[in-house]
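Here the structure is laid out as structure tokens; the discussion comes afterwards.
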Amino acid sequence: MSKILFVCLGNICRSPLAEGIARARLKPERYPGIELDSAGTAGYHIGEPPDARAIAVARRHGIDISGLRGRQVAADDFDRFELILAADRSTLDILRRRQPGAAADPQLLLEWCGIGAGLDVPDPYYGDDAGFDTVFELLDRAVAGLGQRLASLP
Ligand code: 4NP
């Protein structure tokens with residue numbers, strides 16, 4: 041299981057942060073064949089870079105996400121990716137309704153990564169900078185859990 045898609049609503053805050061952290065921490069030398077991407081369920085920010093506050097919090101942790109661009113989840117994502125991780129339950133509901141019978145059954149990110157059952161990554165978009173720090177810390181722990189789980193798979 042090495043093709044992983046992170047999904048949130050806008051693809052400018054949570055999922056590009058998750059992608060950037062995962063790119064920085066889950067290197068192909070340790071995770072052969074790993075492919076990482078992110079997308080949004082909504083099309084509001086197609087082609088845009090991540091939110092400036094997301095770029096800034098990543099940069100404070102030594103990670104550059106400024107080159108990522110927003111895109112919307114596409115039908116073929118459900119065939120291209122083996123693991124689709126939704127930032128919150130609302131995103132998960134939308135994904136599950138969109139892909140009847142597809143190969144990859146979307147999962148709740150914080151749950152799959154061992155942080156906690158039923159937990160959402162809070163949407164920081166309408167909040168302040170502190171919300172982005174909280175989201176970064178949460179996603180950093182989640183990516184560590186993701187790495188452990190991937191390493192333990194047969
Ligand atoms: P994200 O945050 O889903 O973490 O990228 C949001 C970004 C944009 C909007 C909502 C949430 N928006 O309403 O434009």
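Just so it is clear: in the sequence shown, position 23 is 63 by this note's numbering, and no numbers are missing.
Beta carbons are placed, not taken as given, at the ideal position from N, Cα and C, and that holds for glycine.
Just so it is clear, the structure is predicted and the values come from calculations on it, not from any experiment.
Terminal residues of the beta strand (DSSP E) in which residue i lies
i: L123; result: 123 to 126
Reduced DSSP category for residue i - H, G, I as helix; E, B as strand; rest coil
i: Q139; result: coil
i: E75; result: strand
i: G185; result: helix
i: I44; result: strand
i: L190; result: helix
i: G80; result: strand
In DSSP terms, what residue i is bridged to
i: D160; result: Beta-bridge pairing links D160 to no other residue.
i: L179; result: L179 is not bridged to any residue.
Residue range of the alpha helix (DSSP H) that includes residue i
i: S106; result: Counting along the chain, S106 falls outside any alpha helix (DSSP H), and DSSP gives it neither H nor E.
i: G60; result: 54 to 65
i: L150; result: 149 to 152
i: D117; result: 117 to 120
Q: State whether the stretch 66 to 82 contacts the stretch 141 to 152, with contact taken as three or more CB pairs (one from each stretch) at a distance under 8 Å.
A: Because the criterion of three Cβ pairs below 8 Å is not met, the stretch 66 to 82 and the stretch 141 to 152 do not touch.
Q) At a cut of 8 Å, does the stretch 119 to 127 reach the stretch 45 to 58 through at least three beta carbon pairs? A) In short, these stretches touch, since the Cβ pair count reaches three.
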